[in-house]
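Contents: one structure, followed by commentary.
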Amino acid sequence: MTDSGEKKVTELADSSARSRIQEDLETNLLVEAGAGSGKTTALIERMVALVSEGKALVNEIAAVTFTRKAANELREGFQKRLERLTRDEGSDSDEIVRERLVSALDDIDQVFIGTIHAFCARLLREHPLEVGLDPTFEQIPADERVRFESDFWDRYLERLVREDDPILSELSNANLN
Numbered sequence: 674m675t676d677s678g679e680k681k682v683t684e685l686a687d688s689s690a691r692s693r694i695q696e697d698l699e700t701n702l703l704v705e706a707g708a709g710s711g712k713t714t715a716l717i718e719r720m721v722a723l724v725s726e727g728k729a730l731v732n733e734i735a736a737v738t739f740t741r742k743a744a745n746e747l748r749e750g751f752q753k754r755l756e757r758l759t760r761d762e763g764s765d766s767d768e769i770v771r772e773r774l775v776s777a778l779d780d781i782d783q784v785f786i787g788t789i790h791a792f793c794a795r796l797l798r799e800h801p802l803e804v805g806l807d808p809t810f811e812q813i814p815a816d817e818r819v820r821f822e823s824d825f826w827d828r829y830l831e832r833l834v835r836e837d838d839p840i841l842s843e844l845s846n847a848n849l850n
């Protein structure tokens, strides 16, 4: 409150960025901010706006996060927001918007919300031949990755020895242990 009893409104330093997240629906955006800054809420509102304004169907949305926890929170928040909006029959939103929101909720399993690793794995599963992968490839479980990398390195060094690669002489002369 000010001396005259008026409430003082403080504008957030990033308010223009927050507005852009909500309003610039024609542009793909990267949202990067610290924990607890409101990223999840802003992304949920953006996704709802994309759907309600007819800019995207849920199967055309990709929300990529860094952690599974964040992805789960985003998915749950998006679904709850859609449920709340479709339940609010007394709202003054028009019928077209309501139909879009109901359709999005019906198709919620088609939205991609996940980690960068899950996003890349999905692309590889959808287009294996384009990147030279066997269509039946399987992702290496995290616990096997270290063993795989070690085995790969050992085979690489064995090949260098077999082929008497000059790089081995250079490494030997460098006295690396």
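Just so you know, we're using this note's numbering here: the sequence shown kicks off at 674 and counts up by one.
C-beta atoms are modelled at their ideal positions from N, C-alpha and C, and glycine is treated no differently.
- For secondary structure counted as the alpha helix (DSSP H) over 4 or more consecutive residues, the segment 763-839 holds these complete runs in sequence order: 768-779, 789-799 and 815-835.
- Runs of the beta strand (DSSP E) spanning 3 or more residues and lying entirely within the segment 722-749 occur at 735-738, in chain order.
- It is roughly 20 angstroms from the alpha-carbon of ASP687 to the alpha-carbon of GLU699.
- Its Cα nearest to that of ALA735, the residue ILE786 stands out among ILE786, LYS753 and THR714.
- Listed in chain order, the beta strand (DSSP E) runs fully inside the segment 682-709 amount to none, counting runs of at least 3 residues.
- Here DSSP, grouped into helix, strand and coil, assigns ALA847 to coil.
- Burial of ARG748 is indicated by the presence of at least 16 other C-beta atoms within 10 angstroms of its C-beta.
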